[in-house]
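The opening position of the sequence shown corresponds to residue 3 in the numbering used here, with each subsequent residue numbered one higher.
Taking it in order: structure first as structure tokens, then the write-up.
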Amino acid sequence: MADIIARLREDGIQKRVIQEGRGALPDFQDGTKATFHYRTLRSDEEGAVLDDSRVRGKPMELIIGKKFKLPVWETIVRTMREGEIAQFCCDVKHVVLYPLVAKSLRNIAAGKDPLEGQRHCCGIAQMHEHNSLGHADLDALQQNPQPLIFDIEMLKVENPGTYQQDPWAMTDEEKAKAVPVIHQEGNRLYREGHVKEAAAKYYDAIACLKNLQMKEQPGSPDWIQLDQQITPLLLNYCQCKLVAEEYYEVLDHCSSILNKQCQGLLQAWQGPRGGVECPGGPG
3 MADIIARLRE DGIQKRVIQE GRGALPDFQD GTKATFHYRT LRSDEEGAVL
53 DDSRVRGKPM ELIIGKKFKL PVWETIVRTM REGEIAQFCC DVKHVVLYPL
103 VAKSLRNIAA GKDPLEGQRH CCGIAQMHEH NSLGHADLDA LQQNPQPLIF
153 DIEMLKVENP GTYQQDPWAM TDEEKAKAVP VIHQEGNRLY REGHVKEAAA
203 KYYDAIACLK NLQMKEQPGS PDWIQLDQQI TPLLLNYCQC KLVAEEYYEV
253 LDHCSSILNK QCQGLLQAWQ GPRGGVECPG GPG
């Protein structure tokens, strides 16, 4: 352990073990899933808490080797055993992207629209795309970067192939194969009355398809096919939100679906045949 702490120190990371872990140090090969609680604090005199996963009620799940936007988290969890609690003080060079990562994690915790935040660009570009991240504490940190302190409690380490992979960590091929399975899981949960859990499944399936759709040319056959798969999932998601009485989100999504359908009908009407072929009914 002394060697590990020394190597971290050379890289600008100070580690302090608060509670020893159990067992041997995992090898953390690519694909290993680390589940941990984290608390992020400023390193100034005030030491204000920026984020705390316990407050949100759900721990962080990190897949090793998936190029997480905050590489220092992968670096520090690789030094931890299950059950270990440790504090890490990380130099500015390791945490410059923390405001962007924290914004994404806060959005996920708040259950924001699954169709938002799907653009592909580098972290620095996203940070400067707008003047504000929507959170005063993150804006202040972005404008005046400083070292950050992470309190980490390692809950569980799972080897590749021993856990169900989250959609965001899948390859494109895995996403395409997983969508119908996730869809059916959502339907089963809804029938059993687990509406919140069903909504989460539909959310994941939509996110998979949107990620795949982003890689296609808008309006291309593949793009349209993916869009047609998204619509029924989004309607299912809306049904869950309707049951949960989250009416504004339902109105927003349904309005976007109707607008899209109206545009499609208008384009067909303006086509060379001057009319629309209506199918025999829903199928």
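For every residue, glycine included, the Cβ atom is placed at its ideal position computed from N, Cα and C.
As the structure is a computational prediction, the values presented were derived from the model and not from experiment.
The alpha-carbon separation between K68 and I226 amounts to approximately 29 Å.
Inter-residue distance for I20 and E48 is about 21 Å (C-alpha atoms, whole angstroms). With contacts defined as CB atoms closer than 7 Å, R58 and A111 qualify as a contacting pair.
Counting C-beta atoms within 10 angstroms of its own C-beta, E176 has fewer than 16 neighbours from the protein chains shown and is therefore classed as exposed.
CA-CA distance, L140 to L102, rounds to 8 Å. The DSSP assignment places complete alpha helix (DSSP H) segments of no fewer than 4 residues inside the segment 71-113 at 73-79, 94-97 and 100-111, in order along the chain.
According to DSSP, T34 shares a beta bridge with no other residue.
For R24, there is no enclosing alpha helix (DSSP H), as DSSP marks it with neither H nor E. Contact annotation: P61 and L157 have beta-carbon atoms nearer than 7 Å.
Residue pairing by DSSP places H39 opposite E155 in a beta bridge. Beyond the five residues adjoining it in sequence on each side, I87 comes within less than 6 Å, by CB distance, of I20, Q21 and E155 in the same chain, given in chain order. By the criterion of at least three beta-carbon pairs nearer than 8 Å, the segment 69-89 is not in contact with the segment 163-173. Under the three-state reduction of DSSP output, K212 falls in the helix class. Under the DSSP definition of a beta bridge, K17 partners with F90. About 20 Å separates the beta carbons of S45 and L135, which is beyond the 8 Å limit, so they are not a contact pair. Check the Cα spacing between G25 and each of R190, G85 and K35: the tightest is with G85.
Judged by DSSP secondary structure, I184 falls within the alpha helix (DSSP H) whose first and last residues are D174 to R193.
Look at D53 here: in three-state DSSP terms it is strand. The three-state secondary structure of L260, taken from DSSP, is helix. Following the DSSP letters along the chain, one finds E12 inside the alpha helix (DSSP H) bounded by residues A4 to E12. Apart from the 5 residues on each side of it in sequence, L191 sits with its Cβ closer than 7 Å to the Cβ of E199, A200 and K203 in its chain, given in chain order. Boundaries of the beta strand (DSSP E) around I65: M62 to I65. For L253, the three-state secondary structure derived from DSSP is helix. Taking C-beta atoms as the reference points, P169 and A209 count as a pair closer than 7 Å. Across the structure, C240 and Q144 are spaced so that their CA atoms are roughly 35 Å apart. Residue pairing of L150 in beta bridges, as defined by DSSP: R44 and C92.
For A36 and N261, the gap between their C-alpha atoms comes out near 42 Å. By the C-beta density criterion, D206 is buried, having at least 16 other C-beta atoms within 10 angstroms. For a cut-off of 8 Å, the C-beta gap from L244 to I259 is around 14 Å, too long to register as a contact. When DSSP states are grouped into helix, strand and coil, E160 belongs to the strand group.
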